[in-house]
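Visitor: Numbering (our numbering), first residue to last: 21 to 188.
Idealized CB from N, CA, C, for every residue including glycine.
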Amino acid sequence: MLTRRTRLLTVLAVVSLLPIVALIQTYRHLAHRSSTSLSLADSSLSLLHTTPPPAEAAQPPQTNTMSAREAVEQKIAQGKRTVVFSKSYCPYCRRAKQILKDAGEDFDVYELDQMDEGSEWQNALASKTGQRTVPSIWIGGNFIGGCSDLEAKQRSGELKTLLGGKAQ
């Protein structure tokens with residue numbers, strides 16, 4: 021059994037290694053993503069030019085020129101009847117998704133915090149609705165609002181009508 025002091029020293033040792041691990045990950049990321057790499061020479065940090073990767077290893081150019089606004093519009097129009105723009109850690113988003121699940125509704129969810137373009141999508145939603153917060157709930161192409169709006173519609177019975185009689 022470890023003593024309190026031993027546990028504390030172990031935790032401190034691990035915590036002191038975290039910045040070093042982060043630095044190594046950053047170095048690897050920079051070396052992988054660019055044609056330059058960092059190296060230590062003569063106790064100083066210098067930037068050395070390296071040769072680019074072979075042409076066959078190069079990524080093809082991105083052809084997706086759809087704006088965030090167009091992407092959001094497309095998801096609302098062409099997705100399932102109900103669409104939720106959410107963040108995975110948000111308790112209000114979890115509550116709204118649970119209400120829809122409990123109602124038996126099949127819906128599309130876009131977790132903005134897990135998408136590279138999530139902040140652009142959130143800006144597009146804010147521009148479209150005037151609401152910057154999540155969840156942003158859409159039923160039948162119509163903006164419903166956030167979690168409190170969905171709860172109000174559930175209490176009033178309007179959600180059942182919006183979902184075609186499925187809501188509890």
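Would a C-beta distance cut-off of 8 Å place Val103 and Lys95 closer than the cut-off?
Guide: Residue 103 sits at position 83 when you count from the first residue of the sequence shown. Residue 95 sits at position 75 when you count from the first residue of the sequence shown. Result yes, Cβ atoms of Val103 and Lys95 sit closer than 8 Å.
Visitor: Determine the burial state of Ile119: buried for a count of at least 16 other Cβ atoms within 10 Å of its Cβ, exposed for fewer.
Guide: Within the sequence shown, the letter at position 99 stands for residue 119. Buried is the call here.
Visitor: Buried or exposed, going by whether 16 or more other CB atoms sit within 10 Å of the CB of Leu183?
Guide: Sequence index remark: in the sequence shown, residue 183 carries index 163 (1-based). Per the 10 Å Cβ criterion, buried.
Visitor: Drop a sphere of 10 angstroms on the beta-carbon of Ala146, count the other beta-carbons inside from all chains shown, and report buried for 16 or more, exposed for fewer.
Guide: Counted from its first residue, the sequence shown places residue 146 at position 126. Per the 10 Å Cβ criterion, exposed.
Visitor: Measuring alpha carbon to alpha carbon, tell me which residue in Gln151, Gln98, Ala91 and Arg25 is nearest Gly138.
Guide: Taking the sequence shown and counting its residues from 1, one reaches residue 138 at position 118. It is Ala91 whose Cα lies nearest to the Cα of Gly138.
Visitor: Using 8 Å for Cβ pairs, my map puts Ile157 next to Gly150. What's the rounded Cβ distance?
Guide: The count along the sequence shown starts at 1 and reaches residue 157 at position 137. The count along the sequence shown starts at 1 and reaches residue 150 at position 130. Their Cβ separation, rounded to whole angstroms, is 14 Å, which puts Ile157 and Gly150 out of contact at 8 Å.
Visitor: Can you look up Asp128 in the DSSP assignment and give me helix, strand or coil?
Guide: Stepping through the sequence shown from its first residue, residue 128 is reached at position 108. If DSSP states are grouped into helix, strand and coil, Asp128 belongs with the strands.
Visitor: Our contact map puts Asp122 next to Lys100 with C-beta atoms below 8 Å; I'd like the distance itself, whole angstroms only.
Guide: For the purposes of this step, residue 122 is taken as residue 102 along the sequence shown, with counting starting at 1. For the purposes of this step, residue 100 is taken as residue 80 along the sequence shown, with counting starting at 1. Not a contact, Cβ separation roughly 17 Å.
Visitor: Could you check if Ile40 is buried or exposed, using at least 16 other CB atoms within 10 Å of its CB as the buried criterion?
Guide: Residue mapping note: residue 40 aligns to position 20 of the sequence shown, counting from 1. Per the 10 Å Cβ criterion, exposed.
Visitor: Per DSSP, what kind of secondary structure is His69 in: helix, strand or coil?
Guide: Here residue 69 refers to the residue found at position 49 of the sequence shown. Here the model assigns His69 a pLDDT of 45, short of 50, so the residue's position is not dependable, and the following value carries that caveat. Here His69 sits in strand by DSSP.
Visitor: Go through its chain and collect everything with a Cβ distance to Ala5's Cβ below 7 Å, but skip five positions before and after it.
Guide: Nothing can be reported for residue 5, as the shown portion of the chain is limited to 21 through 188.
Visitor: Consult DSSP for Thr23 and reduce its assignment to one of helix, strand or coil.
Guide: Residue numbering aside, residue 23 sits at position 3 when the sequence shown is read from its first letter. Coil at Thr23, not helix or strand.
Visitor: Taking 8 Å as the threshold (C-beta atoms), are Tyr109 and Asp133 in contact?
Guide: On the sequence shown, residue 133 is found 113 positions in, with the first residue counted as 1. On the sequence shown, residue 109 is found 89 positions in, with the first residue counted as 1. Cβ distance < 8 Å, so Asp133 and Tyr109 count as in contact.
Visitor: What's the C-alpha gap between Pro111 and Glu178?
Guide: By one-based count along the sequence shown, residue 111 stands at place 91. By one-based count along the sequence shown, residue 178 stands at place 158. If you take the alpha carbons of Pro111 and Glu178, they lie about 23 Å apart.
Visitor: Can you tell me where the beta strand (DSSP E) holding Gly161 begins and where it ends?
Guide: Your numbering for residue 161 matches position 141 in the sequence shown. Unbroken run through Gly161: none, as it is neither H nor E.
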